[in-house]
Amino acid sequence: MGSILVSGGTGFIGSHTCAVLLNEGYSLIAADNFSNSSPKVLDALRRLTGRDFRFYEADVTNAGCVEKIFAENDIDGVIHFAAHKAVGESVANPLKYYSNNINASIVLARACCEHGVRKFVFSSSATVYGFGNPPFAEDMPPVFAANPYGMTKVICERILTDTANANKDFSVILLRYFNPVGAHESGMIGEMPGGVPNNLMPYITQVAKGKLKELRIFGDDYDTPDGTCIRDYIHVMDLAEGHTAALKNAPEGVSVYNLGTGRGTSVLELVRAFEAANGIKIPYTIVGRRAGDIAVSYASADKAQKFLGWKAKRTINDMCRDAWNFEKNYGE
Ligand code: UDP
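Just add 46 to the spot in the sequence shown (first one is 1) and you have the working numbering.
As C-alpha cells, this is what we get:
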C-alpha cells in the first residue's frame, strides 16, 4: 500500500481523500497550516476511520518544514492539495496566489526529487480549459486562465510536467477536478468555507440552515435550456476515490485525468434537486451574471475510466443529501 503524504489534508477535498486512504489501508502523513480548515477535522478523521496517522501543522511553502517531514517519514507518494482557491480573492491579491500556490508545488516536488519519492498527484482544476467547448477532454491544451487562481493551476501543471520529463524517477499525475460537492456519508467531515461561501452548494446549504437569507443566482440569460449555467458536479467521495485509483493505476511519467461525471446540471436544476432530496425550500432571486463565469462546463470522463478504472458512482441526489447532512449536523 505504502505511505502517502497529503498536503492540505484537513481541507475539503484533502480530508475526504485522507478518509479514503485510511480506509484502504495506506499509512497517512497529513500536513496543513489550517489557513482554510479546522484542527477538528483531525479528530473526526480518526473517529471516522478508526485509524491513526501523523499530522504536521506546516506551511508547505516552507522548505525547512517540508524537509523535516521528508526526513522523518518514509514517503512513497505525495498528494498535493494545499493551495488557496478563491477566484475573487485571487483577482484582488494575485501575488498571494502566485507565491503560495506555485511555491508549495515547487517545494514539494523538489523534496520528492531529493528524497527519491516517485509519485506526485497534483490537485488541478477544470479551470485550465478556460472558455473552450465542453465536453472538456484531457488532450485540449490548457489556456491562459481567466484569473490568477486558474493560472496557478496552469503554471503548476507545467512546472510538474517539466520536472517529471527531466527526472525518470519522478512521475506526476495531474487530476483536473470539476465541481466537487457533498460530504462524507457519515456527516463527520464536509465543506467548511470561512465566511460567506463563494461556491453554489455551500451557499445553498447555508440558505437551507437559515444562515443566509436567499440564494442569488448569477444570471438566467445564458445559452442553456433554463438560462442558468451548467456545471459537472461530482460527489467529493467519488473525487477522493479517484486519487487512490490514480495512485494505483496511473502509468509512470506524466499523465492527466479529468475527475468529473461527464454530466452537466444547471444552477436551477441543482436547486430543485436539493429541495427534492431534503424537503427544504430554497428561496432565490436572479441577479446579474458573475464576471468570469463560463456558460457550460462538463468533463469528458472516459479517460479516467479507461486508464484508472475509476468512474463517479454517486448521484446528484446523493450530493444534495450528504451536503445537507453535514451542514445540518456539523456546519458552523
Ligand atoms: N452560483 C450562483 N450563486 C452563488 C454561487 C454560484 O448562481 O451564490 C453559480 C455560478 O455562477 C456558477 C455555478 O453556480 O454558474 C457554480 O459556481 P461555483 O462557484 O460553485 O463553481 P465554479 O464557478 O467554479 O464552476
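Glycine included, each C-beta is placed from N, C-alpha and C at the ideal position.
Locate the beta strand (DSSP E) running through Arg-262, then write down its first and last residues. 261 to 264
What's the call for Met-234, buried or exposed, on a 16-neighbour Cβ count within 10 Å? buried
Close Cβ partners of Val-300 (< 6 Å) along its chain, the five nearest in sequence each way excluded: Thr-207, Ala-210 and Val-218
First and last residue of the uninterrupted beta strand (DSSP E) at Pro-140: Element bounds for Pro-140: not the beta strand (DSSP E) but the alpha helix (DSSP H), 140 to 143.
Quick one: residues in its chain with C-beta nearer than 6 Å to the C-beta of Ile-276, no 5 flanking neighbours on either side, listed in chain order? Thr-270, Gly-310, Ser-312 and Val-342
Mind checking who Arg-222 pairs with in its DSSP beta bridge? Ser-170 and Asn-304
Among Cys-158, Asn-375 and Pro-140, which one has its Cα closest to the Cα of Phe-216? The closest CA to that of Phe-216, considering only Cys-158, Asn-375 and Pro-140, is found on Cys-158.
Arg-336 Cβ short of 8 Å to the ligand UDP heavy atom set: yes
Touch check for the segment 138 to 149 and the segment 96 to 103: three-plus C-beta pairs under 8 Å? no
Residues of its chain near Tyr-102, where Cβ-Cβ distance is below 6 Å and the 5 sequence neighbours each way are ignored: So the list reads Ala-77 and Ile-115, once near-sequence residues are dropped.
Count the other CB atoms, across all protein chains shown, that sit within 10 Å of the CB of Phe-127; report buried if there are 16 or more and exposed otherwise. buried
CB of Ile-148 to nearest heavy atom of the ligand UDP: below 8 Å? no
If you run the structure through DSSP and keep just helix, strand and coil, what is Gly-123? strand
Option in Ser-49, Phe-80, Pro-85 and His-62 with minimal Cα separation from Ser-73: Ser-49
Using a Cβ-Cβ cutoff of less than 7 Å, which residues in the same chain neighbour Lys-359 once the five nearest sequence positions on both sides are dropped? Within the same chain, and ignoring the five residues on either side of Lys-359 in sequence, the residues whose Cβ sits closer than 7 Å to its Cβ are Asp-284.
Go ahead and label Glu-118 buried or exposed: buried means 16 or more other beta carbons lie within 10 angstroms of its beta carbon, across all protein chains shown. With fewer than 16 other Cβ atoms within 10 Å, it is exposed.
With a threshold of 7 Å on Cβ separation, who are the neighbours of Cys-202 within its own chain once the five nearest residues in sequence on each side are excluded? So the list reads Asn-147, Ile-148, Ser-151 and Phe-168, once near-sequence residues are dropped.
What residues in its chain sit with their C-beta under 6 Å from that of Gly-306, if we drop five residues either side in the sequence? Phe-224, Asp-278, Ile-280, Ala-345 and Ala-347
Hey, could you find the ends of the alpha helix (DSSP H) Arg-13 is sitting in? The shown model of the chain, from 47 to 378, leaves out residue 13, and the question about it has no answer.
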